[in-house]
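For reference, the structure discussed in these notes is given below.
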Amino acid sequence: MKYIIVGAVAGGASTAARLRRLDEHAEIVIFEKGEYISYANCGLPYYIGDVIEDRNALFVQTAASFKQRFNIDVRTLSEVTSIDAESKTLKIKDQRSGLEYEELYDKLVLSPGAEPIRPPLPGINHEGIFTLRNVSDTDYIKSFVNKKNIKKAVVVGAGFIGLEMAENLVSLGMDVSVIEMANQILAPLDYPMAAIVQQHIRSKGVKLYLNSAVSSFSKTNNGLNVLMADGREIIADVVILSIGVKPDIKLASMAGLKIGNEKGIWVNNYLQTSNPDIYAVGDAIQFNNPITNHSMSTYLAGPANKQGRICANNLVLGNVQEYKGSINTAIVKVFDMTVAVTGSASKNLFKAGINHVVSTTHNGSHASYFPGSKQMSIQLNFSPEDGRLLGAQIAGYEGVDKRIDILSSIVKRNSSIYELTEFEHAYAPPYSSAKDPVNMAGFVAENILQDRLTIFYWDQLNSIGTEDILLDVRSSEEFKSGNISSAINIPIDELRDRWNELDQNKKIFIYCLGGLRGYLAQQVLKQNGFKIVSNLSGGYQIWNNCSKEMEQITAEASLPTS
Ligand code: FAD
């Protein structure tokens, strides 16, 4: 059996290694158009930022080590230019010699990845404007940054890679601006969680231009002029385009393979394309999201690697293992914060017409009395019918990674927030609290589903009527240091003595800093005859972050740029 694989990084290399483990006698050839194989894409921003100092550390395998360990014929600088699916023949261009030759296969695997989006904006090809996808891009950026006296950088696009680049350019001492077309950073987050991270990024000196689209680039004596659609301009020495990626479907289209509605290579549950002898994995494919049931491409290393293993199993053993789809679990370091997501954001659940409840909690990463505990904010999106956990987002500092993995396993298994209430974690004060933040998030969600807690959201505050009561139950000091206008203040510890100051016939909207005191206040009022009482989910903190961000965007839109 002769297997050919196109693409030798995450999905391709993983498929090849598993194929060899399953079939010692097969002929396995990988074609890679780049110079390197099986390298750490995910480490590239950190190499540019000098966090990873040794370039060699980026290379997990070389063609020679792959040959030696797995007896796999890896041909780098070899671009597959076409596929004839009828005759099972590939055309390959050897980029060293310029010669083209053909190769036959029995089974073919496509793992060509995704291509960075580079819109045809005027001036986009000027020197100093880069995309980051592979080692060559990294080398260009690094040598450009080292050679020139670079002081000002613009990152276009505030996704995971854009933010990693922004942080790494700051660590090189640059003045960094991030331009993002959406009204928030990190599209997989919902707005309130993004607002927490935006505040953090701004506190690090990064300028964020949200709701802003770049319309052109031009060269000036002072550097590159980045012009935005609203007329604002930023001068930069270097520009990193991190606008997004799209599945690389060139070969698949040429071969007549079915392309899906989301413009990824269509595959069945066995990762087999519309041609039974061609399989595909990684960023290039589209697959049903198990939560929304809508097709999508997942641009993540974990799914690509795991698909590679499944694909090899199916190739050698005959479609034995179904791929179940990715729930898009992802994590990113944003300066000293960690931000992570799993499952679907509320905005995407709305788009998919999936009824859900959103709840936000804030808890310490470990016991508050043990030094170093930091706040972790968790948003859960869950079904009001059976509590199924549909998505979760976390913004915090230490311990975000383990919490998101717990939540991801619950989303993946179609389990519910009820499981979170019983989740048994390892506890000692340096690591957690006797009730972990994921337990706490589960308790609050359970209270909501069992009608013990009625919540409202920060963006509903505007619709509170003048006849309603907005009640701040924080301490008077907290209230004086900042509050929501029109609120009255009765601190929680005084509420049992003072609830009769409130009109029981009115609707009461309560808030505290994070939600807990508001919940207690709600119980006090409801059990004293108040009928309509609700509590602000995520508390004043969420409202404050979101409001500050909204004000900032409005104020910035009218400011001149540099
Ligand atoms: P790739 O790994 O991109 O490999 C595709 C390969 O195919 C490329 O080397 C390409 O040269 C080759 N190729 C394409 N066409 C041809 C052809 N015609 N002939 C021969 N060769 C061809 N994911 C995470 O989960 N976490 C992270 O922290 C993270 N960070 C990232 C940081 C950066 C800077 C980048 C660029 C990506 C990051 N990713 C991260 C995404 C992750 O790297 C990808 O999802 C993953 O590599 C996809 O695997 P793949 O095999 O589909 O494609």
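Heads up: the sequence shown begins at 51 in the numbering used here, then just goes up one per residue. Note that CB positions come from ideal geometry on N, CA and C, so glycine has one too. If you're wondering where the values come from, they're calculated on a predicted model, not measured in any experiment.
| Query | Result |
| --- | --- |
| Are there any heavy atoms of the ligand FAD lying less than 6 Å away from the beta-carbon of I444, as far as the coordinates show? | no |
| Just checking my contact of I456 with F432 at CB under 8 Å: how many whole Å lie between their CB atoms? | At roughly 15 Å, the Cβ-Cβ gap does not stay under 8 Å, so I456 and F432 are not in contact. |
| Give the list of continuous beta strand (DSSP E) stretches no shorter than 3 residues that lie fully inside the stretch 281-340. | 283-286, 288-291, 295-297, 328-330, 335-338 |
| Is S161 near the ligand FAD, judged by its Cβ being under 6 Å from some heavy atom? | yes |
| So within the stretch 96-166, which uninterrupted alpha helix (DSSP H) runs reach at least 4 residues, ignoring any that extend past its ends? | 113-120 |
| Nearest to G449 by CA position, among R438, I428, E435, is which residue? | I428 |
| Could you tell me if the beta carbon of G57 falls within a distance shorter than 6 Å of some heavy atom in the ligand FAD? | yes |
| What whole-angstrom Cβ distance do I540 and E528 have, given they're in contact under 8 Å? | Not a contact, Cβ separation roughly 13 Å. |
| Give me the residue from R567, D73, E435, N578 with the minimum Cα distance to N585. | R567 |
| Please list the terminal residues of the continuous beta strand (DSSP E) segment that includes I78. | 77-81 |
| Less than 8 Å between the CB atoms is what I'm expecting for I360 and Q336, so what's the real figure, rounded? | Not quite, the Cβ-Cβ distance comes to about 16 Å (not below 8 Å), so this is no contact. |
| I'd like the list of long-range same chain contacts for A214, defined as Cβ closer than 6 Å, with 5 residues on each side in sequence excluded. | Going by the sequence as given, residue 214 is Glu instead of Ala. Closer than 6 Å at the Cβ level, and outside the excluded window around E214, lie P95. |
| Write down the C-beta distance between S418 and H406 rounded to the nearest angstrom, noting that I regard them as a contact closer than 8 Å. | That belief does not hold up - the Cβ atoms of S418 and H406 are roughly 31 Å apart, past 8 Å. |
| Does the stretch 540-549 come close enough to the stretch 583-597 to have 3 or more Cβ pairs within less than 8 Å? | no |
| Relative to the C-alpha of S459, which residue among G393, I519, V494 is closest? | G393 |
| Where do the N-terminal and C-terminal ends of the alpha helix (DSSP H) with Y590 fall, by residue? | 589-607 |
| Would L160 pass as a contact of V79 if the rule is Cβ separation under 7 Å? | no |
| To the nearest angstrom, how far is it from the Cα of L470 to the Cα of N319? | 30 Å |
| Does the beta-carbon of P169 have 16 or more other beta-carbons within 10 angstroms, so that it is buried, or is it exposed? | exposed |
| Heavy atom of the ligand FAD less than 6 Å from the Cβ of F116, yes or no? | no |
| Quickly, what does DSSP pair R225 with across the bridge? List them, please. | The question names Arg, yet the displayed sequence has Asp at residue 225. D225 is bridged to K202. |
| Using the three-state DSSP reduction, which class does H176 fall into: helix, strand or coil? | coil |
| Cα separation between K556 and E517? | 7 Å |
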